[in-house]
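Trainee: Pasting in a structure now, in structure tokens, and then I'll have a few things to ask.
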Amino acid sequence: MGIFLIVLFTNIKNLIKIGGLILITNIVFCCSLMVGYYSTSFLFKYGKNPPPISTIVNDKDANKDIYIIILDAFSSKEVLKKYFNCESRLLAYLGENGFQEHRSLSKYINTAQSLPNIFSGAVFDQKTAYKTKDIEQMQQLLPGRYLNNFAAKYEYQLKFSSFIIDKENNQLKKIFGRGSDFTIYFFSLTDRFMLYFFPSGKSSNNKGIHEIANQNIISIKKTLNQKAKNLSVHHFLTFHSAYFDKGFKESFIENLNEADEIGISIVQLILAQKPKAKIVILSDHAERGPEFDKKDSYKGILYIKN
Ligand SMILES: [Zn+2]
Numbered sequence: 001m002g003i004f005l006i007v008l009f010t011n012i013k014n015l016i017k018i019g020g021l022i023l024i025t026n027i028v029f030c031c032s033l034m035v036g037y038y039s040t041s042f043l044f045k046y047g048k049n050p051p052p053i054s055t056i057v058n059d060k061d062a063n064k065d066i067y068i069i070i071l072d073a074f075s076s077k078e079v080l081k082k083y084f085n086c087e088s089r090l091l092a093y094l095g096e097n098g099f100q101e102h103r104s105l106s107k108y109i110n111t112a113q114s115l116p117n118i119f120s121g122a123v124f125d126q127k128t129a130y131k132t133k134d135i136e137q138m139q140q141l142l143p144g145r146y147l148n149n150f151a152a153k154y155e156y157q158l159k160f161s162s163f164i165i166d167k168e169n170n171q172l173k174k175i176f177g178r179g180s181d182f183t184i185y186f187f188s189l190t191d192r193f194m195l196y197f198f199p200s201g202k203s204s205n206n207k208g209i210h211e212i213a214n215q216n217i218i219s220i221k222k223t224l225n226q227k228a229k230n231l232s233v234h235h236f237l238t239f240h241s242a243y244f245d246k247g248f249k250e251s252f253i254e255n256l257n258e259a260d261e262i263g264i265s266i267v268q269l270i271l272a273q274k275p276k277a278k279i280v281i282l283s284d285h286a287e288r289g290p291e292f293d294k295k296d297s298y299k300g301i302l303y304i305k306n
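Residue 1 is where the sequence shown starts when you use this note's numbering, and the numbers rise one by one after that.
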């Protein structure tokens with residue numbers, strides 16, 4: 001009995017030691033994330049030329065409603081075929097419904113650089129400015145001077161809906177109070193761990209992504225019921241869970257199906273109520289990852305119906 005108790009106590013002591021070690025490691029890890037987060041600078045220059053969005057939206061469009069749907073990380077046909085040997089129902093649907101395929105505008109494979117580049121022509125030094133951390137600065141770049149001037153000149157009601165300029169996006173963002181990337185980074189690490197060991201947790205992982213999608217759809221429906229001329233930009237995050245999943249390829253196909261569904265339903269929704277609207281479907285970059293040739297990660301999509 002005495003020996004049993006001694007063994008038990010030693011084991012409990014060891015367990016407490018191990019638990020303490022795990023706790024300390026976690027605290028150190030989180031602190032190092034915070035240091036990285038607050039020390040990263042947001043450096044960019046405005047490019048000399050008008051921003052890439054000026055090639056999509058210009059004076060010729062001034063009498064139409066304009067809908068720009070950003071499907072984050074949606075890859076081109078070529079990339080889908082090459083890495084996943086699959087086809088997108090959305091891209092086929094767009095081709096059959098009067099959309100023209102254009103060359104992707106992506107010059108960066110990071111959302112927080114690619115979107116400011118497309119809308120404001122911001123140019124980043126890849127080495128020093130990895131991501132923006134400052135939501136106020138981001139709000140100056142999105143939708144940016146070009147679309148603001150266009151909307152003012154032609155009396156559009158302008159709406160730009162994206163999590164990267166949304167301060168109320170989630171709890172952590174409120175706590176840290178700055179940009180969005182920290183939360184994405186933080187969640188991606190914990191999710192990666194959780195999803196690997198508990199794949200059934202996927203639905204909760206996707207919750208934020210679905211919330212963004214649902215809010216966007218509600219907001220699009222609102223603009224469709226308005227009499228005012230709309231210039232409406234909506235950013236969807238449908239592809240952001242596959243990457244952290246155990247079965248990357250299977251997950252990717254699931255995400256693609258979902259993105260296809262969302263994309264098709266939005267286009268149908270807009271066409272049903274505003275058949276003359278100009279609709280732009282674009283991505284900020286294609287899928288990324290260690291198994292990807294980096295140049296393929298620039299091959300996102302751009303489909304336009306005038
Ligand atoms: Zn992105």
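The beta-carbon is built from N, C-alpha and C at its ideal position, and this holds for glycine as well.
Among ILE109, GLU258 and ILE68, whose alpha-carbon lies nearest the alpha-carbon of PHE292?
Mentor: Position 292 of the sequence shown, counted from the first residue, corresponds to residue 292. The shortest Cα separation from PHE292 among ILE109, GLU258 and ILE68 belongs to ILE109.
Trainee: Indicate the three-state DSSP secondary structure (helix, strand or coil) for PHE186 in the structure shown.
Mentor: The sequence position of residue 186 within the sequence shown is 186, counting from 1. Confidence at PHE186 is low in this model, with a pLDDT of 48, below 50, so the placement of that residue should be treated as unreliable; the coordinate-derived value is given next. Helix.
Trainee: Helix, strand or coil: how does DSSP classify SER120 here?
Mentor: Taking the first residue of the sequence shown as position 1, residue 120 is located at position 120. Three-state DSSP puts SER120 in a helix.
Trainee: When every heavy atom of ligand 2 is checked, does at least one fall within less than 8 Å of the C-beta of SER75?
Mentor: This structure lacks ligand 2; the ligands present are ligand 1.
Trainee: Could you give the C-beta distance for LEU282 and GLY300, rounded to a whole number, given that I count them as a contact under 8 Å?
Mentor: Counting from one through the sequence shown, the residue named residue 282 turns up at place 282. Counting from one through the sequence shown, the residue named residue 300 turns up at place 300. Between GLY300 and LEU282 the Cβ distance is about 7 Å, and since that is below 8 Å, they are a contact.
Trainee: For LEU231, list the residues DSSP reports as bridge partners.
Mentor: The residue you call residue 231 lines up with position 231 of the sequence shown. ILE66 and LEU158, per the DSSP bridge assignment.
Trainee: Do LYS159 and THR223 come within 9 Å of each other at the CB atom, strictly closer than that value?
Mentor: What you label residue 223 is simply residue 223 of the sequence shown in a count that begins at 1. What you label residue 159 is simply residue 159 of the sequence shown in a count that begins at 1. Contact: yes.
Trainee: So, using beta-carbon positions, are LEU105 and PHE44 closer together than 9 Å?
Mentor: Translated into the one-based positions of the sequence shown, residue 105 becomes position 105. Translated into the one-based positions of the sequence shown, residue 44 becomes position 44. No, they are not a contact pair.
Trainee: Just to check, is the beta-carbon of THR111 closer than 8 Å to a non-hydrogen atom of ligand 1?
Mentor: Sequence index remark: in the sequence shown, residue 111 carries index 111 (1-based). The answer is yes for THR111.
Trainee: Work out the CA separation of LEU21 and LYS48 for me, nearest whole Å.
Mentor: As a position in the sequence shown, residue 48 is number 48, starting the count at 1. As a position in the sequence shown, residue 21 is number 21, starting the count at 1. Those two C-alpha atoms are separated by around 53 Å.
Trainee: Less than 8 Å separating the Cβ of ASP312 from some heavy atom of ligand 1?
Mentor: Outside the displayed range of the chain (1 to 306) lies residue 312, so it cannot be described from this structure.
Trainee: Drop a sphere of 10 angstroms on the beta-carbon of PHE9, count the other beta-carbons inside from all chains shown, and report buried for 16 or more, exposed for fewer.
Mentor: By one-based count along the sequence shown, residue 9 stands at place 9. Label assigned to PHE9: exposed.
Trainee: Could you pull the DSSP bridge partners for ILE16 from this structure?
Mentor: For the purposes of this step, residue 16 is taken as the residue at position 16 of the sequence shown. For ILE16, which the question treats as bridged, DSSP gives no partner whatsoever.
Trainee: Using DSSP with H/G/I as helix, E/B as strand and the rest coil, what is GLN100?
Mentor: Taking the sequence shown and counting its residues from 1, one reaches residue 100 at position 100. GLN100: strand per DSSP, three-state reduction.
Trainee: Using 8 Å as the threshold, is the stretch 59 to 73 in touch with the stretch 256 to 274, meaning 3 or more CB pairs across them?
Mentor: Yes, the stretch 59 to 73 touches the stretch 256 to 274.
Trainee: Could you work out which residue in LYS81, ILE53 and ASN117 is closest to ASN149 when comparing CA atoms only?
Mentor: Looking up residue 149 in the sequence shown gives position 149. Answer by Cα proximity: ILE53.
Trainee: Please report the residue range of the alpha helix (DSSP H) in which LEU141 lies.
Mentor: As a working mapping, residue 141 is identified with position 141 in the sequence shown. 135 to 141 is the span of the alpha helix (DSSP H), which, as asked, contains LEU141.
Trainee: So is SER265 buried or exposed if we call it buried at 16+ other beta carbons inside 10 Å?
Mentor: If you number the sequence shown from 1, residue 265 lands on position 265. So SER265 counts as exposed.
Trainee: Ordered along the chain, which non-local residues of its own chain (more than five positions away) have a Cβ less than 8 Å from that of ILE253?
Mentor: One-based indexing of the sequence shown puts residue 253 at position 253. Counting only Cβ-Cβ distances below 8 Å, and skipping sequence neighbours, we find PHE84 and CYS86.
Trainee: State the CB to CB distance for the pair ALA73 and HIS285, rounded to an integer number of angstroms; the pair is presumed to be in contact (CB under 8 Å).
Mentor: The residue given as residue 73 occupies position 73 in the sequence shown. The residue given as residue 285 occupies position 285 in the sequence shown. Contact flag correct, Cβ pair sits at about 6 Å.
Trainee: Taking the alpha-carbon positions, what's the TYR298 to ALA259 distance?
Mentor: Here residue 298 refers to the residue found at position 298 when the sequence shown is read from its first residue. Here residue 259 refers to the residue found at position 259 when the sequence shown is read from its first residue. Cα to Cα, TYR298 sits roughly 18 Å from ALA259.
Trainee: Do you know offhand how far ASP61's Cα is from ILE165's?
Mentor: Indexing the sequence shown from 1 puts residue 61 at position 61. Indexing the sequence shown from 1 puts residue 165 at position 165. Roughly 26 Å between the two C-alpha positions.
Trainee: What's the C-alpha gap between ALA112 and MET138?
Mentor: Numbered from 1 along the sequence shown, position 112 holds the residue referred to as residue 112. Numbered from 1 along the sequence shown, position 138 holds the residue referred to as residue 138. Whole-angstrom Cα-Cα distance: 8 Å.
Trainee: Does TYR298 come out as helix, strand or coil in the three-state DSSP assignment?
Mentor: For this step, residue 298 is matched to residue 298 along the sequence shown. Note: TYR298 maps to helix in three-state DSSP.
Trainee: When the Cα of GLY121 is compared with those of PRO50, ASN11, LEU231 and ALA228, which residue comes out closest?
Mentor: Taking the first residue of the sequence shown as 1, we reach residue 121 at position 121. Ranking the options by Cα distance to GLY121, first place goes to PRO50.
Trainee: Indicate, with yes or no, if ligand 1 has a heavy atom lying under 8 Å from the CB of ASP260.
Mentor: Within the sequence shown, numbered from 1, the residue matching residue 260 stands at position 260. Not so, every heavy atom of ligand 1 lies at least 8 Å from the Cβ.
Trainee: Over what stretch of residues does the alpha helix (DSSP H) that includes ILE281 continue unbroken?
Mentor: The residue you call residue 281 lines up with position 281 of the sequence shown. Careful: ILE281 lies outside any alpha helix (DSSP H), inside the beta strand (DSSP E) at 278 to 282.
Trainee: When you measure from the CB of SER162 to every non-hydrogen atom of ligand 1, does any distance come out below 8 Å?
Mentor: Start at 1 with the first residue of the sequence shown, and residue 162 comes out as number 162. Flag unset: Cβ of SER162 not near ligand 1.
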